[in-house]
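Trainee: My structure is below; once you've seen it, I'll send some questions.
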Amino acid sequence: MSIPSDLRYTDQHEWVDLNGDIATIGITQYAADSLGDIVFVGLPPIGSSLASGQPCGELESTKSVSDLMAPLDGDVVEINDAVVDDPSLLNSDAMDAWLVRLKFTAIPVLLDASTYAALVAAG
Amino acid sequence: MSRQTALHSVHTELGASFTDFAGWSMPVRYTSETAEHHAVRTTAGLFDLSHMGEIKVTGPDAGRVLDRAVVGTPSRIGLGRARYSMICNDAGGILDDLVVYRLADHDYLVVANASNVDVVATALSERTTDEAADAQVSDKSQHCALLAVQGPAAVTILAGLGDDHVTALKYYSIARTKVAGHDVLLARTGYTGEDGYEVYCSPSVAPDLWRQISAAGERYGLVPAGLACRDTLRLEAGMPLYGHELDADTNPFEAGLGRVISFDKPNRFVGDTALRRFRDLPRRRSLVGLATSGRRAPRAGYDVVDRAGNTVGRVTSGAPSPTLGYPIAMAYVEAGHNTPGTELAVDLRGTREPALVVDLPFYQRPSA
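So the protein lines, in turn, are chains E and Z. Position in the first sequence (first residue = 1) + 8 = this note's numbering. Position in the second sequence (first residue = 1) + 578 = this note's numbering.
Following this line, the structure appears as structure tokens:
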């Protein structure tokens, strides 16, 4: 499974790409595989403020509904409309199908790739 | 630690994702549950259902015991035939829904849901003792694997692996025969709304049987299929799932299962007094189909509301229907709101989604 070493992760199976003061957020392939075929993606509106650890959207698969949790504090600057239009992009390549871009001020505490890989391996 | 079926390593080799279901580690999907669902509707799917419970009831009084224990009349089932039935408690609540097969005069196979095997085996044993009957109840679940081949290509696939019994077997019938050289009980039953078979066999032969069926079915489009698609298949077919549409507090008439109950059998049966009362009283609620048009689906536990916003029911199962292309659900709704065509709504986590009451089943196979 693809767990790129240049990204950060959360125990909620989300990946975060930190670039300057912008964080790009998605779900990991492990999360996408666990959810099954994703049929609906609900994302926060541009301009909304997210609080780390709080639900900020939802992912619905044929089997279940899951909250998308904000991995860090910040303001939404961009959302990926392509994934909203075609949620199956998450199943085909979750690492490519980013969801939300945030502008953040404080450097967040996140997992590195090896810690996240160990968490996935532990099931 | 959840239990594994005899096919666990086969599923692992196939790259299955597993889920815990009724204490068993079961394959939930191999690739995409939507693709597996479509395969069962258009070609065929191969399922491992070894978590299901198989209980034998044998002996001279087996038929009389079952007539008392379940709501149908197993003593009247023809040899080699099957009936869908229920086992109820004294209050008329449903302990489980069952398929009862009559293998021989005094030899019945009762197939129970995995979560209820112990409850059903215990109830059958107690009801045998109560009758002072000459019958034995024996839970064979540990010695029995179950594969299902479901879909329009199922007959062609199994015909190539067995003798004339395979194609001659009628719907809701069962026969001892050989499939791929192995002794099996072959039943023309299923839980998908498609034609197909359920194959009861010894766990020791299950992996070879699985591989031979897979190999023979490949050119007909057969794929391994997990429990995720089984759930959407049975939902489209309007079939209840114990724990969702049915439980010990469910009045069978409200579940639309009154037809399964035989009030004309010669002797008393467990729950008969309560069930007669249920039959004669107006229904407070009934199980209906709901169809919505958005992308988000009603899910078990969501409230159903009327146009004025009053809660009039609750969803028991719901999912996006792969065959129909829109979300469907089953729900119990109060009397007066259950007529097909009634416009209701489902509370989707705070958003009110319009929902139309529709006839069950949502899907029927073209030839049926």
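Just so it is clear, CB atoms sit at the ideal spot from N, CA and C, and this is done for glycine as well. Predicted, not measured: the structure shown is a model, and the values here were computed from it.
1. Can you list, in chain order, the residues of its chain whose CB lies under 6 Å from that of residue 723 of chain Z, leaving out five sequence neighbours each side?
2. Leaving out five residues before and five after residue 17 of chain E in sequence, what residues of the same chain have Cβ atoms less than 6 Å from its Cβ?
3. Report the rounded CA-to-CA distance for residue 943 of chain Z versus residue 764 of chain Z, giving the unit in angstroms.
4. Suppose the cutoff is 6 Å on Cβ atoms and the five residues either side in sequence are ignored; what does the same chain contact list for residue 875 of chain Z look like?
5. Applying a beta-carbon distance threshold of less than 8 Å, which residues of chain E neighbour residue 610 of chain Z?
6. Do residue 826 of chain Z and residue 865 of chain Z have their C-beta atoms closer together than 9 Å?
7. Residues of the segment 675-708 of chain Z in Cβ contact with chain E at a cutoff of 8 Å, in chain order, please.
8. Of the residues Z:679, Z:681, Z:675 and Z:581, which one's Cα is nearest the Cα of residue 694 of chain Z?
9. Using three-state DSSP, classify residue 861 of chain Z as helix, strand or coil.
10. Mind checking if residue 36 of chain E is an interface residue toward chain Z, Cβ cutoff 9 Å exclusive?
11. Residue 595 of chain Z versus chain E: which residues are under 9 Å apart at the beta carbon?
12. Quick check: is the beta carbon of residue 111 of chain E nearer than 9 Å to any beta carbon in chain Z?
13. Could you check whether the Cβ of residue 70 of chain E sits closer than 9 Å to any Cβ belonging to chain Z?
14. My output table needs one value for residue 632 of chain Z: the three-state DSSP class, helix, strand or coil.
15. Using a Cβ-Cβ cutoff of less than 8 Å, which residues in the same chain neighbour residue 841 of chain Z once the five nearest sequence positions on both sides are dropped?
16. Per DSSP, what kind of secondary structure is residue 812 of chain Z in: helix, strand or coil?
17. Buried or exposed for residue 52 of chain E, going by 16 or more other Cβ atoms inside 10 Å?
18. Do the CB positions of residue 707 of chain Z and residue 714 of chain Z come within less than 9 Å of each other?
19. Hey, is residue 73 of chain E's beta-carbon within less than 9 Å of any beta-carbon in chain Z?
20. Round the Cβ separation of residue 45 of chain E and residue 88 of chain E to the nearest angstrom and send it over; I've been treating them as touching at under 8 Å.
21. Please classify residue 591 of chain Z: is it buried, with 16 or more other beta-carbons within 10 angstroms of its beta-carbon, or exposed?
22. What is the DSSP secondary structure of residue 796 of chain Z, counted as helix, strand or coil?
23. Counting only runs that start and end within the segment 17-46 of chain E, where is the alpha helix (DSSP H) found for 4 or more residues in a row?
24. Which complete alpha helix (DSSP H) runs does the segment 617-663 of chain Z hold, if anything under 4 residues is left out?
25. If I measure Cβ to Cβ from residue 812 of chain Z and keep anything under 6 Å in the same chain, skipping five residues before and after, which residues do I get?
26. With distances taken from CA atoms, which of Z:790, Z:633 and Z:742 is nearest residue 702 of chain Z?
Mentor: Quick look at the numbers:
1. So the qualifying residues of the chain are 584, 628, 779, 781 and 784.
2. 23, 119 and 124
3. 22 Å
4. 896, 897, 898 and 905
5. 44, 45 and 99
6. no
7. none
8. Z:675
9. The DSSP-derived three-state label of residue 861 of chain Z is coil.
10. no
11. 41, 42 and 44
12. no
13. Yes, residue 70 of chain E counts as interfacial toward chain Z.
14. DSSP places residue 632 of chain Z in strand when its eight states are reduced to three.
15. 850, 853, 854 and 857
16. helix
17. buried
18. By the CB criterion at 9 Å, residue 707 of chain Z and residue 714 of chain Z fall outside the cutoff.
19. So yes, residue 73 of chain E belongs to the interface.
20. No, residue 45 of chain E and residue 88 of chain E are not in contact; Cβ-Cβ is about 18 Å, not under 8 Å.
21. exposed
22. helix
23. 37-43
24. Segments of the alpha helix (DSSP H) lying fully in the segment 617-663 of chain Z: 640-647.
25. 769
26. Among Z:790, Z:633 and Z:742, the Cα nearest to that of residue 702 of chain Z is on Z:633.
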